[in-house]
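Chemist:
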């Protein structure tokens, strides 16, 4: 065998995941990641991804986590790396951050120290693929490992600055995904502190980038579903509105008293009914006049709904990606129009886990992307991963009954919508009738 053939075979062997190497200790891969040959480094990264997806190496990772993450992150900061190697390094960082066994917060600080300069420099010194990957890896690492509220908030604001200023659509999309992922861990009252970005995000569904349109629509649906009115600062005029409601109720009581006294004084029931009907008509006119002023601030909501609806209606392509994105946009519309949250299911052996709401949806789909086929394995063994989700498990029989129970009838949906806040109900009613 000549030298060229031997080199070729060696390179080919390192481009595949070796079953023998996938059972080596994690420390075995550290010197391989420092090799000059790209094929050797790529092979080592693939093995690390295989190990951290489908095996439990808690004790090993605890012993060598800093050395290992330094070497993996070092690949990202070294120039002239191929796109495949960069993507594998990003995935390895995310999987290591999810895996149990790390000193969580120390691990996060280490990763942030490597990735922040890459994100800050943006495309001036780095490829778009690397910057997008660094943003995503930072968000996943922060979500799983950051234990200090100040540091967590700083990371959210760091990514929010990118959303405010970035013009590259791919980087903007990655930043928006990362931002809403980090928000899913906050209480509703704290999410309200970040609503100043809603105006910026509301502009993005009209973007020419399909991924950015989808992400911004999900972000809007998530923020709308998580807004906590009780923790919002009072808006000028709200107290007057409440006083008007009280006066309105008092007037109704006075009118009822007057009506009963008229009847007691000898007025016929027919005259009393006619008078009541006239008063009700006057009240309805006053109510509609006041509503026309009160609902002016819903114009923005209707514009967002219209933007998302147009994305579905104007999409003529029938590719797989388009079909998936349209299904997702319809979920967003359900939330914006009727407050209906998305529902997802995860089958793990004989049990099915039920997820409801945009928080769980965003988190679940991020971990599906990172863990891929290893999600069910990690779900069984990784308590840190499970603790993120407030979910419940069902047997297959129980799950079937649960599926049927969460499908409300049309009449029930109509009743539920009538019980909503008077402003929200009227806004939805007006929206539907304007479309008719």
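In the UniProt record's numbering, the protein residues as written are 1 to 436.
Don't be surprised by glycine CBs; every beta carbon is placed ideally from N, CA and C.
None of these values were measured; they are calculated from a predicted model.
For residue 54, count neighbouring C-beta atoms within 10 Å of its own C-beta (all shown protein chains included) and say buried if the count is 16 or more, exposed if not.
Modeler: exposed
Chemist: Using a Cβ-Cβ cut-off of 6 Å (strictly less than) and excluding sequence neighbours within five positions of residue 183, which residues of its own chain qualify?
Modeler: 191
Chemist: Between which two residues does the alpha helix (DSSP H) carrying residue 85 extend?
Modeler: 83 to 98
Chemist: By Cβ distance below 6 Å, which residues in the same chain neighbour residue 339 in space, the five residues on each side in sequence not counted?
Modeler: none
Chemist: Work out the CA separation of residue 40 and residue 98 for me, nearest whole Å.
Modeler: 25 Å
Chemist: So the candidates are 197, 95, 70 and 360; which of them puts its Cα closest to the Cα of residue 49?
Modeler: 95
Chemist: Report the residue from 137, 120 and 358 whose alpha carbon sits nearest the alpha carbon of residue 92.
Modeler: 137
Chemist: I'd like the span of the alpha helix (DSSP H) that includes residue 361, first residue to last.
Modeler: 358 to 371
Chemist: Taking contact to mean at least 3 C-beta pairs separated by less than 8 Å, is the region 77 to 90 in contact with the region 362 to 376?
Modeler: no
Chemist: With a 10 Å radius around its C-beta and 16 neighbouring C-beta atoms as the bar for buried, classify residue 221 as buried or exposed.
Modeler: buried
Chemist: Pick out whichever of 133, 176 and 207 has its Cα sitting closest to the Cα of residue 77.
Modeler: 133
Chemist: Taking just the CA atoms, how far does residue 36 sit from residue 218?
Modeler: 42 Å
Chemist: Thinking C-alpha only, which one of 384, 153, 329 and 389 is nearest residue 354?
Modeler: 389
Chemist: Kindly indicate if chain B contains any beta-carbon less than 8 Å away from that of residue 147.
Modeler: The chain inventory of the structure shown lacks chain B, comprising one protein chain alone.
Chemist: With C-beta atoms as the reference, is residue 363 less than 8 Å away from residue 181?
Modeler: yes
Chemist: Quick one: Cα of residue 225 to Cα of residue 201, how far?
Modeler: 15 Å
Chemist: Taking only three categories from DSSP, how would you classify residue 355?
Modeler: strand
Chemist: Over the uninterrupted beta strand (DSSP E) stretch that includes residue 343, give me the two end residues.
Modeler: 343 to 348
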